[in-house]
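Numbering (UniProt numbering), first residue to last: 1 to 94. Note that beta-carbon positions come from the ideal geometry of N, C-alpha and C, so glycine has one too. Note that the structure is a prediction, hence the values are computed from the model and not measured. Taking it in order: structure first as structure tokens, then the write-up.
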């Protein structure tokens, strides 16, 4: 069994953060700090499709980590994973 993962930092900085993580068992998007349209463009650049994700992991609720979260989660029916405090903070923003 391989324990290798592929990581692609799609965006990093105050304007938005997003990292794609993939293993033989599946893939996650860590944070969605850019618009849904921009995320689709970035996935195309790494030859991946958002619809193939197993979910989205949110590290915290700052806008540069969640800007496109709702759009991508709804459009692609992706589960969202976050700790309890982050989840509550995101719900308050809605």
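Assigned with DSSP and collapsed to three states, residue 80 falls in strand. With a beta-carbon spacing of about 21 Å, residue 16 and residue 92 fall beyond the 8 Å limit used to define contacts. As summarised for the UniProt domain "Metallo-beta-lactamase" (15–91), the continuous beta strand (DSSP E) elements at least 3 residues long and confined to that stretch are 18–23, 26–30 and 55–57, given in chain order. Beta-bridge analysis with DSSP links residue 8 to 20.
Residue burial is scored here from C-beta neighbours: residue 78 has at least 16 other C-beta atoms within 10 angstroms and is therefore classed as buried.
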